[in-house]
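Below is one structure; the comments refer to it alone.
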Ligand code: 13P
């Protein structure tokens, strides 16, 4: 099976009241771990890369080839989409050309008219070649330079306007933020989610900043139209913690513990375990 667009898997999730996990990849190991986890959990998956991560990995084509080749050589049977995360206007176009099966165009930093115009263009281009599209309304807060901003709340009228352009799924701020949540985080704003869900008339919604949101909140959000949940930080954290523990115990000094295949194994095992746990929590396990 080849890589698929994310449209069908997300629509099925929306109807079935579960969410597709969208895990960010950063390298070969991450990609293998994600594929291992979803094959074990029997979950459809969106593997996504930011423009920065794609550059780190050697470019968009490299990412496409890596995911396709691993998918084949690992004999993966669950549906896998390859998605650009927070794409620019130029980046989205390049990824459509390079063979990504899904792209996010994040025009949230433009004024709304320009976001609409550019979203419309990317949607039409992507759909002409069977690629699914995510757009974003309003910003999503997060930590930059050590300062954590509050999660933003998207305007339901703007969400409605972008949904009507024919986007396949829509990211809208409901108090969620990227990165670690501060101790005094107010939680997801379900009143705003309800207003947005009503405004978009059945369009699947995307929850960014999925790391560390209590599962009772993600489950409630799924009942209110969220059908894709993005997770990056949480996989990075479990990887870093497991690797740090391995080194703190001096295992990198035992035998050939410094061999990357040994050194990275505890972190990789931790990613696989966390990704399986998230598939179960989001309800996507056994839905492939
Ligand atoms: P986290 O890093 O907070 O999990 O957010 C991931 C994300 O939303 C990517 O777009």
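Numbering (the working numbering), first residue to last: 1 to 288. Even for Gly, the Cβ is constructed at its ideal location relative to N, Cα and C.
*Check whether the Cβ of residue 65 sits closer than 7 Å to any heavy atom of ligand 1, and report yes or no.*
no
*Identify the continuous beta strand (DSSP E) that holds residue 49 and give its terminal residues.*
45-50
*With a threshold of 16 other CB atoms inside 10 Å of the CB of residue 287, please say whether the residue is buried or exposed.*
buried
_Quick check on the DSSP output: the alpha helix (DSSP H) that includes residue 16 runs from which residue to which?_
7-16
*asked:* Under 8 Å, with one C-beta from each stretch per pair, do the stretch 244-254 and the stretch 213-222 reach the 3-pair mark?
replied: no
*Taking DSSP as the reference, what is the three-state secondary structure of residue 194?*
helix
*Taking C-beta to C-beta, are residue 229 and residue 33 nearer than 8 Å?*
no
*Can you tell me which of 139, 137, 122 puts its alpha carbon nearest to the alpha carbon of residue 131?*
122
*By Cβ distance below 6 Å, which residues in the same chain neighbour residue 266 in space, the five residues on each side in sequence not counted?*
242, 246
*Start and end of the beta strand (DSSP E) containing residue 24?*
20-24
*Whose CA, out of 54, 98, 127, 136, lies closest to the CA of residue 111?*
136
*Beta bridge counterpart(s) of residue 127 as assigned by DSSP*: Answer by DSSP bridge pairing: none, since residue 127 is not bridged.
*Near residue 88, what residues of its chain come up, given a Cβ to Cβ distance below 7 Å and the 5 sequence neighbours on each side ignored?*
51
*asked:* Which complete alpha helix (DSSP H) runs does the stretch 140-190 hold, if anything under 4 residues is left out?
replied: 156-163
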